[in-house]
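Structure record follows, encoded as structure tokens.
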Amino acid sequence: MPELPEVETVRRGLMPVMEGRIIARAAVNRPDLRWPFPPNMATRLTGVRVTALRRRSKYILADLSSCETLLVHLGMSGRMLISPPAPISGEGAARETLGEWHHHHPAPAKHDHVILDMEDGTRITFNDARRFGAMDLMPTATADAHPLLAALGPEPLGNAFHESWLTQRLKGRNTPIKSALLDQHIIAGLGNIYVCETLYRARIHPARKAARISAARTAALVPIIRDVLAEAIIAGGSSLRDYRQTDGELGYFQHSFQVYGREGQPCLTPGCTDTIRRIVQSGRSSFYCPTCQK
DNA sequence: ATAGGCACCTGGTGGC
DNA sequence: TGCCACCAGGTGCCTA
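Under our numbering, the first residue of the first sequence carries the number 798, and numbering increases by one thereafter.
The following block contains the structure:
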């Protein structure tokens, strides 16, 4: 489910257990995700301190004391699981001191591809069934120039995203606004769900050509995008607490959407009696209200 | 440069 | 229970 708000929620969940902490051991259980892992990734992650945990678009960036940065993308199905350290006690403790693993954790589950054991015994497990995710390592100094990051558009919650930018980028575009807002070169971080939610709130039909949106409605899109994402981050933060109480799984919260996934259900705009429709645009579902969105 | 379609991969769901 | 079609929150790459 990871769009910008979910990735930000994962980052915030990881922060207290990773930032400022040392990775005691890394296990890499397969050679690749979407692409091959960088050479010697496990070795390069072992014994280094995480000095900062950042986010750019849907990427999590962990700056390391080795002057490298770990880039993580969750793809479609990537998850992070935080397992607190289990206290060592009884006979097991004596045996454990012989090995490198000082804390008890369950055996890796299916699709647990990368495991980071922090110095205090907290385990962070990257699980990704579909393997559309990615990890890479690069020098921190040139992280912004990474091929996956270099061409990204502005952060929608940052100062570089504003009305004149959006106007300029939508100008002359013969593509549906749905596709334009999914284009990470125009804005970084929106995905299928939040584009649907944004267009519903902006009352713009997803198939409308980007170039044919009035100046006023283009201007209105900017705060709407910001609001939609900011509200989702807040919702993620509250669900984060819930998940930490249960199984520690990050990247997995569901909150109520106004249109996404609501095909056939009543439009939630007060006074509107229409129902939400679904159309397919470039292979992906768009949900909208035909009465409210033009 | 821009636009559209395909590919990558696994799992869940619902119909027969 | 099995089989099958379809669906899924992403995005790089290829083609005109």
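Just so you know, even glycine gets a beta-carbon here, dropped at the ideal spot from N, CA and C.
Just so you know, these numbers come straight off a predicted model, no measurement behind them.
Per the DSSP secondary-structure output, His-959 pairs with nothing in a beta bridge. Approximately 5 Å separates the beta-carbon atoms of Arg-818 and Met-915; this is inside 8 Å, confirming the contact. Distances from the alpha-carbon of Leu-801 to those of Pro-813, Arg-851, Arg-841 put Arg-851 closest. If you draw a straight line from the Cα of Asp-933 to the Cα of Leu-868, it is about 5 Å long. Taking each of Arg-876, Arg-928, Thr-937, Tyr-856 in turn and checking the Cα distance to Val-847, the smallest one comes out for Thr-937. Runs of the beta strand (DSSP E) lying entirely within the region 809-896, each at least 3 residues long, are 820-825, 847-853, 856-861, 865-870, 875-880 in chain order. Relative to the Cα of Arg-827, the nearest Cα in the group Ala-1029, Leu-811, Lys-907 belongs to Lys-907.
Sorting Met-873, His-901, Tyr-997, Gly-930 by C-alpha distance to the C-alpha of Pro-882 places His-901 at the top. Thr-1072 sits in a strand when the DSSP states are folded into three classes.
Secondary-structure assignment with DSSP links Ile-912 through a beta bridge to Ala-824, Thr-922.
In this structure, Ile-912 keeps its C-beta atom at 8 Å or more from the C-beta atom of Thr-919. Between Met-935 and Ala-977, the alpha-carbon positions lie close to 30 Å from each other. Counting along the chain, Ala-931 sits inside the beta strand (DSSP E) bounded by residues 931-936. Proximity of the region 1010-1025 to the region 959-967 meets the contact definition, three or more beta-carbon pairs being nearer than 8 Å.
The shortest CA-to-CA distance from Thr-840 to any of Ile-990, Ala-849, Lys-855, Ala-823 is the one to Ala-823. About 17 Å separates the CB atoms of Tyr-997 and Val-1077; that is not less than 8 Å, and the two are not in contact. When only Cα atoms are considered, Leu-967 and Leu-842 end up about 41 Å apart. Annotated three-state conformation of Ser-1079 is coil, per DSSP.
A direct Cα-Cα distance of roughly 31 Å separates Ile-1030 from Pro-835. Around the beta carbon of Ser-1053, fewer than 16 other beta carbons sit within 10 angstroms, so the residue counts as exposed.
The three-state secondary structure of Lys-1091, taken from DSSP, is coil. The shortest C-alpha to C-alpha distance from Glu-865 to any of Ala-940, Gly-844, Asp-1071 is the one to Ala-940. DSSP, reduced to helix, strand and coil, places Tyr-1057 outside both helices and strands of the structure shown, so it counts as coil. Going by DSSP, Lys-1006 is part of no alpha helix (DSSP H) at all; its letter is neither H nor E.
Arg-1074 and Gln-1090 have their C-alpha atoms some 11 Å from each other. The beta carbon of Thr-972 sits closer than 6 Å to those of Ala-1007, all from its chain and outside the five residues before and after it, given in chain order. For Ile-1010, the closest of Pro-1063, Gly-875, Ala-1027, Ile-974 by C-alpha to C-alpha distance is Ile-974. Here Met-877 is buried, its C-beta having at least 16 other C-beta atoms within 10 Å. Residue pairing by DSSP places Tyr-991 opposite no residue, since no beta bridge is assigned to it. Arg-831 and Ser-874 have their C-alpha atoms some 12 Å from each other.
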